[in-house]
Amino acid sequence: MNWLLDLTPDEWNAVRLSVKVATVAMIASLPPGILIALVLARGQFWGKTLLNGLVHLPLILPPVVVGYLLLLSFGRRGPAGAFLAEHFGIVFSFRWTGAALACAVMGFPLMVRAIRLSIEAVDRRIEAAAGTLGANPLWVFGTITLPLILPGLIAGAILSFAKAMGEFGATITFVSNIPNETQTLPSAIYTFTQVPGGDAGALRLTLISIVISMAALVASEVLARRVGKRMDTE
Amino acid sequence: MTVVVDISHRLGNFEVDARFESAGRLTALFGPSGSGKTTLINMIAGLIRPDKGRIEADGRVLVDIDARLFVPKHKRRIGMVFQDARLFPHMSVASNLRYGHWFTPTAERYADMNAVVELLGIGPLLDRRPANLSGGEKQRVAIGRALLASPKLLLMDEPLASLDEARKAEILPYIERLRDETKIPIVYVSHSISEVARLASDVVVLARGKVAACGPTGAIMQRLDLLPAEERGEGGAVLDTAVLRHDEVFGMTVLGSAAGEIRVPLLTTPVGALVRIRIRARDVMIATGQPTGLSALNILPGTIVAIEPGEGPTVEIGIDCNGATVIARITEQSRQTLKLQLGRKVYAVVKTVSFDRANTGAGLPVEADG
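The listed protein sequences correspond, in order, to chains A and B.
Using this note's numbering, the final residue of the first sequence is 807, and nothing's skipped along the way.
Using this note's numbering, the final residue of the second sequence is 419, and nothing's skipped along the way.
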């Protein structure tokens, strides 16, 4: 049993980094995720199909391509990367923040899809009723729409987190595989499989990924059930 | 409080082109389904923007398309009770009730939580969730929620249409109390004669998107030609009466009206209270002489003032009974046999048992200004 729990500092760092990257990716993509889902669910505008396609692109493209596109645009010499580094001091390339960006982009379509479906299920007549009671559109969104789509929000967030925990291709292409900086669980496991005698380490990290992913799924299930129960009956 | 509506609006092939003005305490928008009444009430609430026209409530212009004016719904302070209650499923009944109250500027809050809860009898429901309420309970909570936003005008869109008869009978008295005990003017959409006759002070009759007639309930209800075919059997005279005494021995209540005493099955209403009754035209018989040996208890002497051809073999006879008009629907054959003509003195005969809960309700208090 000892070999299982006895993680080297580098392995621990990979675990911590993965959880950090996935959490940041999930939280950072929630606001734009809600906004885009809202626009796609309710908006009527020219180019909606295009936007929908763009959002879904990371789901269809090979992850390596997404990583390469990120490198081109958010790398040091990329237009977006240069702008952000110059004006806000935010650097993505070869940093853990870059890993979070790659994970957020890869998980974005899954998150938007889950939230969009729950927004489409909201009875707009209930929102209209809130409007007649004096709530302006922003308040209606905050007090009616948001609570009603909470199960969808949780589902979308967990999907994004799970995707981030498993993201490999885009991350390694964009920010490489630097221990203690950009080496997430999948990259660490990949590294172990590339060296002789790395099997034990690969297995340890594999088991840890399974535990983390299962825990996230169970937690989301419990949360969603509690929210759902609060909404229907008591 | 006056509501002025003058709009035209196109929905596919259907065109609503309506113009009316009402200052009544409870104005009913009455018409068959598809006549445009829900469209109109949604426009007053601000849920639909009309193509053309203007809407005014209490001197405040809410919509004036020519002047590019459209007050959004959350700034209108107009309460709305929907047919399907539309309670917020994620909130308790108490939170639902407080929702509109919270958005009302403090200075404009006049509705009191306890008073509203008491008025609607929803005290025991406060901790419940909407999903655990019956249809009638939901509707009462929806009314309370609208009231607690301290609206300047209350709109009710077929609030009883999705309820069964027992639930309707449960809610009607609350709407009567609302009409009589609060000062909020109400616009009430309905396709049911019995609701309109019982509740309304004024009626706007809609047909195919246009206003067919508009006026006080008593006057409108006598015009059976305005009623949709399937409701025509329910039409008749609406009389405002007062309880004179209760006859406990025979289980009857005697009502005093301009037309004379009218006996109805025993009411729980106290002596002196106002009661509005609807005498269906099909329930009225006509006798040319003082009838004897007749089981019917209500015999009202009067003069024929109107004879209108009705549907099929029928004619509708208007009888003026000392200022109150009673409508009788009889066959053309009977009219000819009895030689009924304008100005003839006759007796309108109504059986006590033709009155039931559907056509006997609390009367509207008479206001000094009419």
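All C-beta atoms, glycine included, are put in the ideal place defined by N, C-alpha and C.
If you follow the beta strand (DSSP E) that residue i is in, where does it begin and where does it stop?
i, result
"Ile326(B)", "Leu323 to Arg329"
"Lys388(B)", "Premise fails: Lys388(B) is in no beta strand (DSSP E) and is neither H nor E."
"Lys101(B)", "Lys101 to Ala106"
"Leu642(A)", "Segment Pro636 to Phe647 is the alpha helix (DSSP H) holding Leu642(A); no beta strand (DSSP E) there."
"Gly410(B)", "Thr409 to Ala411"
"Val333(B)", "Val333 to Ala336"
Can you tell me whether residue i is helix, strand or coil according to DSSP?
i, result
"Phe665(A)", "coil"
"Leu349(B)", "strand"
"Ala397(B)", "strand"
"Glu807(A)", "Residue placement at Glu807(A) cannot be trusted, given a pLDDT of 38 that sits under 50; what the coordinates show is reported in the next sentence. The answer is coil: DSSP assigns Glu807(A) none of H, G, I, E or B."
"Arg281(B)", "helix"
"Pro358(B)", "strand"
"His240(B)", "coil"
"Asp55(B)", "strand"
"His629(A)", "helix"
"Thr318(B)", "coil"
"Glu693(A)", "helix"
"Arg294(B)", "strand"
"Asp274(B)", "helix"
"Ile618(A)", "Checking the displayed sequence, the identity of residue 618(A) turns out to be Phe instead of Ile. If DSSP states are grouped into helix, strand and coil, Phe618(A) belongs with coil."
"Pro340(B)", "coil"
"Pro604(A)", "helix"
Where DSSP assigns a beta bridge to residue i, which residues make up the other side?
i, result
"Gly264(B)", "Val252(B)"
"Asp583(A)", "None, per the DSSP bridge assignment."
"Glu310(B)", "Gly305(B)"
"Asp289(B)", "Arg325(B)"
"Ile379(B)", "Val364(B)"
"Ile235(B)", "Leu75(B) and Leu203(B)"
"Asp369(B)", "Thr352(B) and Thr374(B)"
Does residue i have its Cβ less than 9 Å from a Cβ in chain A?
i, result
"Ala94(B)", "yes"
"Phe131(B)", "yes"
"Gly128(B)", "yes"
"Val238(B)", "no"
"Tyr148(B)", "yes"
"Glu416(B)", "Because Glu416(B) carries a pLDDT of 43, less than 50, the predicted location of this residue cannot be relied on, and the following value inherits that uncertainty. No, no contact with chain A."
"Pro208(B)", "no"
"Ala160(B)", "no"
"Phe198(B)", "For the sequence presented, residue 198(B) should be read as Ala rather than Phe. Closer than 9 Å to some Cβ of chain A, the Cβ of Ala198(B) qualifies, so yes."
"Gly419(B)", "With a pLDDT of 31 at Gly419(B), under the threshold of 50, the predicted position of this residue should be treated as unreliable, though the coordinate-derived value follows. No - not a single Cβ of chain A is within 9 Å of the one on Gly419(B)."
"Thr386(B)", "no"
"His58(B)", "no"
"Ala77(B)", "no"
"Thr51(B)", "no"
"Lys201(B)", "no"
"Thr153(B)", "yes"
"Pro81(B)", "no"
"Arg281(B)", "no"
"His139(B)", "yes"
"Arg125(B)", "yes"
"Arg135(B)", "yes"
Are the C-beta of residue i and some C-beta of chain B separated by less than 9 Å?
i, result
"Ile699(A)", "yes"
"Ala797(A)", "no"
"Asp725(A)", "Residue identity differs from the one stated: residue 725(A) is Gly in this sequence, not Asp. It does not; no Cβ of chain B falls within 9 Å."
"Pro769(A)", "no"
"Thr670(A)", "no"
"Trp712(A)", "yes"
"Leu706(A)", "yes"
"Ile717(A)", "yes"
"Asp583(A)", "no"
"Leu721(A)", "yes"
"Asn552(A)", "Only positions 574 to 807 of chain A appear in the structure, and residue 552(A) is not among them; the question remains open."
"Ala703(A)", "yes"
"Asp579(A)", "no"
"Asp696(A)", "yes"
How far does the alpha helix (DSSP H) with residue i in it reach, from first residue to last?
i, result
"His660(A)", "Pro652 to His660"
"Arg697(A)", "Arg697 to Thr705"
"Ala258(B)", "Strictly speaking, residue 258(B) in this sequence is Gly, with Ala absent from that position. Gly258(B) -> no alpha helix (DSSP H), and no H or E assigned at all."
"Thr755(A)", "Taken as a continuous stretch (DSSP letters only), Thr755(A) belongs to no alpha helix (DSSP H), as it is neither H nor E."
"Trp712(A)", "Pro710 to Val713"
"Thr718(A)", "First-last for Thr718(A): undefined, no H or E at that position."
"Thr746(A)", "Gly742 to Val748"
"Ser835(A)", "Because chain A in this structure spans residues 574 to 807, residue 835(A) falls outside the shown range and cannot be described."
Could I get the ranges of all uninterrupted alpha helix (DSSP H) runs contained in the region 150-233 of chain B, with 4 residues as the minimum, in chain order?
-> With a minimum length of 4 residues, the continuous alpha helix (DSSP H) runs that stay inside the region 150-233 of chain B are 162-169, 184-196 and 214-230.
Beta strand (DSSP E) segments (min. 3 residues) lying fully within the region 761-799 of chain A | You should have found no qualifying run.
Whole runs of the alpha helix (DSSP H) within the region 57-136 of chain B, excluding any shorter than 4 residues | For the region 57-136 of chain B, whole alpha helix (DSSP H) runs of length 4 or above, ordered along the chain, are 86-94.
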